Structures are given as structure tokens and as C-alpha cells.
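Student: Structure below; questions to follow.
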Amino acid sequence: MSVLIERGDVWTLTLDRPERANALGAGLVEDLHRALDEAAAARPETLVLRGNARHFAAGFDLDGLAAETDASLAYRFVRIGLLLERLIAAPYRTVAVAEGAAVGAGADLVLACDHRLVGPARTLRFPGAAFGVALGGVRRRELGVALTTGVPADLPAVLTAPAPPRPAHDGDAELAALARSVAVPGLRDRIAAYKAALTKESA
Numbered sequence: 306m307s308v309l310i311e312r313g314d315v316w317t318l319t320l321d322r323p324e325r326a327n328a329l330g331a332g333l334v335e336d337l338h339r340a341l342d343e344a345a346a347a348r349p350e351t352l353v354l355r356g357n358a359r360h361f362a363a364g365f366d367l368d369g370l371a372a373e374t375d376a377s378l379a380y381r382f383v384r385i386g387l388l389l390e391r392l393i394a395a396p397y398r399t400v401a402v403a404e405g406a407a408v409g410a411g412a413d414l415v416l417a418c419d420h421r422l423v424g425p426a427r428t429l430r431f432p433g434a435a436f437g438v439a440l441g442g443v444r445r446r447e448l449g450v451a452l453t454t455g456v457p458a459d460l461p462a463v464l465t466a467p468a469p470p471r472p473a474h475d476g477d478a479e480l481a482a483l484a485r486s487v488a489v490p491g492l493r494d495r496i497a498a499y500k501a502a503l504t505k506e507s508a
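The opening residue of the sequence shown carries number 306 in the working numbering; numbering runs sequentially from there.
Shown next, in the form of C-alpha cells:
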């Protein structure tokens with residue numbers, strides 16, 4: 306299990322893939338879906354999503370790309386998109402605590418929550434546009450860090466504050482945009498080119 310769950314009136318889901326910087330591999334995404342299934346039945350007052358001090362989540366996991374196809378990658382992105390929509394529409398307050406780096410799909414997880422508590426030295430980055438994937442909603446990406454509502458130390462105050470009103474949201478439109486973007490042929494090649502560029506930069 307790559308998600309640690311603390312249950313009670315407040316649930317805490319802790320991403321637990323430190324060896325991969327909490328990157329969103331298929332297993333972690335499905336573990337989060339299962340945790341949300343359980344939370345949907347338990348109906349906690351609040352669900353807190355967090356990573357570790359170094360990494361909240363490093364985004365879409367690029368490991369094993371050689372074994373992927375356009376179709377398998379598209380499926381993985383759609384599952385992440387559905388996960389984001391479930392957080393946005395959750396019947397309880399959601400709080401993301403990002404003490405560590407939040408990148409790509411990891412940053413989208415932060416922005417999908419009602420409260421976003423981001424470490425003062427951290428930024429949210431969205432590299433998905435580099436390979437043509439419309440994950441997480443263009444509007445939320447444009448707002449980016451402006452949508453954060455505090456720092457991790459604010460968590461106790463957030464847990465006792467009234468839940469904020471939720472803005473209007475068209476989840477079907479966002480999922481449709483995501484599906485169109487991942488259906489463009491050459492998805493694997495675009496991601497491979499992006500990964501190669503990252504490798505070159507870090508060399």
C-alpha cells in the first residue's frame with residue numbers, strides 16, 4: 306500500500322513512495338481511489354492529503370516508459386483526472402498539506418483540495434503542457450500558487466474553521482478536455498522527449 310491512512314473525524318492520507326518522490330504511478334493512483342472509496346462510506350469531517358518533508362508528489366511517474374503505449378498512458382492520465390474530480394466534489398472538506406515539492410499531477414492534487422497549505426519555499430509547477438496533456442484544468446493552473454490558502458503550520462486552524470464555499474466547477478468539461486488531449490497520437494513519444502530533455506538538463 307503506497308498510501309498510509311489515519312482514520313477518525315479527520316482522515317489523513319499520506320503518500321508513501323519516498324523512493325520515487327511520491328510520483329503518481331498507477332499503483333499509487335489506484336490506492337488513492339480505494340482510500341476515497343472508503344472515505345465516501347465513512348464520511349469524515351475532513352480529509353487531509355500530504356506527502357513528506359521533501360516531496361508532496363513529483364507528478365506523473367515516468368518510470369517504465371519503454372513498456373507503455375499511447376493507450377496505457379492515456380488510461381493512467383484519465384484515472385488521475387477522475388481522482389482530481391473526486392477530490393473537488395468530495396462530500397467533506399479536503400486539505401492538501403504540501404511541505405515538499407508538488408509538480409505536475411502532484412500540484413494538481415494540491416489545487417483540487419478546498420484548502421491548500423504550501424510550504425513557503427515551495428512552488429507548484431505544471432509541466433504537462435510540455436507534452437500536450439490538459440490535466441487538472443487550465444483555470445486552476447492559471448491561478449496556481451495564488452490559490453494557496455496558507456502554510457502547513459496553519460493546519461490546526463484550518464481544521465476548526467468553517468468549510469469554504471466551493472466555486473462552480475464543470476468536471477465533465479475538464480475530463481473531456483483531458484480525454485481529447487491524451488487521444489492525440491504520439492503521446493508516448495511526446496512524454497519520452499520530455500523525459501529525455503529533463504535527463505539532459507540534470508546531466
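Note that beta-carbon positions come from the ideal geometry of N, C-alpha and C, so glycine has one too. Please read these numbers as outputs of a predicted model, since none were measured by experiment.
Out of curiosity, what's the CA-to-CA distance linking Thr-504 and Arg-348?
Tutor: Using only the alpha carbons, I get a separation of about 43 Å.
Student: Restricting to Cα atoms, I'd like to know which of Gly-411, Val-353, Arg-398, Thr-374 is closest to Phe-509.
Tutor: Past the boundaries of the shown model lies residue 509; the chain is included only from 306 to 508, so the question cannot be answered.
Student: If you drop the 5 nearest sequence neighbours on each side, which residues of the same chain put their C-beta closer than 8 Å to that of Thr-374?
Tutor: Excluding sequence neighbours, Thr-374 sits near Arg-493.
Student: When we look at the beta-carbon of Leu-440 and count the other beta-carbons within 10 Å, is it buried (16 or more) or exposed?
Tutor: Answer is buried; the Cβ neighbour count reaches 16.
Student: With C-beta atoms as the reference, is Gly-330 less than 9 Å away from Asp-368?
Tutor: Yes, these two residues count as a Cβ contact at 9 Å.
Student: Report, in whole angstroms, the separation of the C-beta atoms of Asp-419 and Val-402, which I expect to be a contact under 8 Å.
Tutor: With 8 Å as the limit, Asp-419 and Val-402 do not qualify as a contact, their Cβ atoms being about 12 Å apart.
Student: Please state whether the Cβ-Cβ distance between Val-383 and Gly-437 is less than 9 Å.
Tutor: In this structure, Gly-437 does not lie closer than 9 Å to Val-383 by Cβ.
Student: Find out if the Cβ-Cβ distance for the pair Val-308, Asp-336 is shorter than 9 Å.
Tutor: Yes. Within cutoff.
Student: Arg-355 to Tyr-397, Cα distance in whole Å?
Tutor: Those two C-alpha atoms are separated by around 16 Å.
Student: To test your reading of the DSSP string, which unbroken alpha helix (DSSP H) runs of 4 or more residues are found completely within the region 353 to 438?
Tutor: Runs found: 375 to 393, 410 to 416.
Student: Compare the Cα-Cα distances from Ala-497 to each of Arg-471, Glu-479, Glu-324, Ala-372 and report the closest residue.
Tutor: The candidate whose alpha carbon is nearest that of Ala-497 is Ala-372.
Student: Assuming Glu-390 and Phe-361 form a contact by the criterion Cβ under 8 Å, report the distance between their Cβ atoms to the nearest whole angstrom.
Tutor: The Cβ separation is near 19 Å, so there is no contact.
Student: Within the same chain, show all residues whose beta-carbon is closer than 6 Å to that of Ala-326, passing over the 5 residues directly before and after it, in chain order.
Tutor: Once the five neighbours on either side are set aside, the close Cβ partners of Ala-326 are His-360, Ala-363.
Student: I'd like the span of the alpha helix (DSSP H) that includes Thr-454, first residue to last.
Tutor: No alpha helix (DSSP H) contains Thr-454, which DSSP labels as neither H nor E.
Student: What is the DSSP secondary structure of Val-315, counted as helix, strand or coil?
Tutor: It is a strand residue.
Student: Among Lys-500, Met-306, Ile-310, Ala-328, which residue has its Cα nearest to the Cα of Ile-385?
Tutor: If we check each option's Cα against that of Ile-385, Ala-328 comes out closest.
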